[in-house]
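Numbering (the working numbering), first residue to last: 4 to 317.
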C-alpha cells in the first residue's frame with residue numbers, strides 16, 4: 004500500500020499523488036508500487052526494496068540525489084495466543100523535498116505521524132522528521148521492553164502456582180525476543196553515532212536536542228534489554244532447576260514405594276510357588292493367611308520406618 008501525506012492548515016492530510024514536501028509511506032508495497040516510486044523519485048530498485056529483506060541490518064546509503072537510513076523497528080505479533088516480539092527493517096529515504104518510508108508491515112512507529120497525533124510534525128522538515136521517526140522507534144522499543152518485563156513477571160507468578168513446562172517455554176520466547184531487540188538496538192546505535200559524527204543529514208540547531216534525546220532513549224533501551232535478558236536467563240535456569248528437582252523428588256518417592264512393595268511381593272511369591280505345605284511356615288495353620296498378611300504389612304511398615312530413619316532418599 005502506498006500513501007501520501009502533506010501538511011495543510013497545520014494538520015496532516017492524505018493526498019492522492021506526491022507533491023513537494025510530502026511524506027510517501029510504503030507499507031507492504033507491491034512490485035508495481037515500488038516501481039512507481041522508484042521512477043517518480045529516480046531511485047534504484049534495490050534501494051526501495053532494501054527494507055523488504057527481513058535480514059537487512061541498520062545502515063546508511065546515499066547517492067547524489069537521495070539518501071537512505073535503514074533502521075530496525077520493533078513489532079509485535081500474535082502467535083498461538085502468545086505475543087511474539089521481533090524486529091523488522093524500515094527504510095527512510097530522502098529524495099528531493101520528500102521523505103519516503105518503506106516497511107514490510109504496518110508499524111506502530113509511524114501510526115502517530117499518519118493519524119496526526121504526533122506533536123510538532125512537519126513532513127517538509129526532513130531532518131526533524133527523520134529524528135522524530137528515530138525517536139518514536141526508541142520509544143516503541145522501551146514500551147515493548149516494559150511489556151516483556153510484565154510478561155516475565157506474570158510467567159514467574161504462574162510458575163510459582165503451577166510449575167508447568169509451558170512457563171519455561173514462554174520464558175524462552177521472551178528471551179528470543181530480547182535477542183532480536185538487543186541486536187536491532189545496537190545496529191540502530193551505530194547508525195545514530197554516524198548521524199552525530201557526520202553531516203549525512205543536515206542538522207539544525209533546534210533539532211540538536213531531539214537528536215540527543217534519540218541517543219539517550221536508544222541507550223536506555225539497550226540497557227533495559229540487557230537487564231531483562233539477564234533476569235529472564237536467571238529465571239529460566241531457576242525454573243529448570245525447580246522442574247528437575249520436582250522430577251527427582253517424584254523418582255525418590257517411586258523408588259521408596261518400589262522398595263517397600265518388594266518385601267510383601269517376595270513373601271507372597273514364595274507362598275505362590277508350587278511347594279508342599281510341610282515346607283512353608285504356617286501353610287497348614289488355620290490362621291496362616293491373615294498372619295502372613297499381617298507379617299507382610301509389618302515388614303513394609305518397618306521398611307518405611309528404616310528408610311525415613313536413615314534418610315535414604317533425602
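Beta carbons: idealized from backbone N, C-alpha and C, even for Gly.
DSSP state of residue i mapped onto helix, strand, coil
i: residue 128; result: coil
i: residue 100; result: coil
i: residue 233; result: helix
i: residue 179; result: helix
i: residue 61; result: coil
i: residue 71; result: strand
i: residue 164; result: helix
i: residue 92; result: strand
i: residue 206; result: coil
i: residue 121; result: coil
i: residue 14; result: strand
i: residue 269; result: helix
i: residue 45; result: coil
i: residue 293; result: helix
i: residue 238; result: helix
Residue environment, residue i, which counts as buried when at least 16 other CB atoms sit within 10 Å
i: residue 149; result: exposed
i: residue 194; result: buried
i: residue 166; result: exposed
i: residue 61; result: buried
i: residue 227; result: buried
i: residue 8; result: buried
i: residue 126; result: buried
i: residue 131; result: buried
i: residue 251; result: exposed
Contact set for residue i: own chain, Cβ-Cβ below 8 Å, skip 5 residues either direction
i: residue 224; result: 141, 144, 145, 148, 184 and 188
i: residue 178; result: 232, 235, 236 and 239
i: residue 71; result: 50, 53, 63, 64, 65, 94, 95, 96 and 97
i: residue 139; result: 112, 113, 115, 116 and 121
i: residue 39; result: 5
Sequence-distant residues of its chain with Cβ nearer than 7 Å to residue i (five each side left out)
i: residue 59; result: 53, 73 and 92
i: residue 129; result: 97 and 102
i: residue 192; result: 221 and 225
i: residue 161; result: 170
Cβ distance (whole Å) where residue i is taken to contact residue j below 8 Å
i: residue 99; j: residue 44; result: 6 Å
i: residue 180; j: residue 88; result: 4 Å
i: residue 332; j: residue 78; result: As displayed, the chain neither begins before 4 nor continues past 317, which places residue 332 out of reach and without an answer.
i: residue 299; j: residue 266; result: 7 Å
i: residue 104; j: residue 28; result: 5 Å
Beta bridge counterpart(s) of residue i as assigned by DSSP
i: residue 87; result: 80
i: residue 30; result: 106
i: residue 5; result: 29
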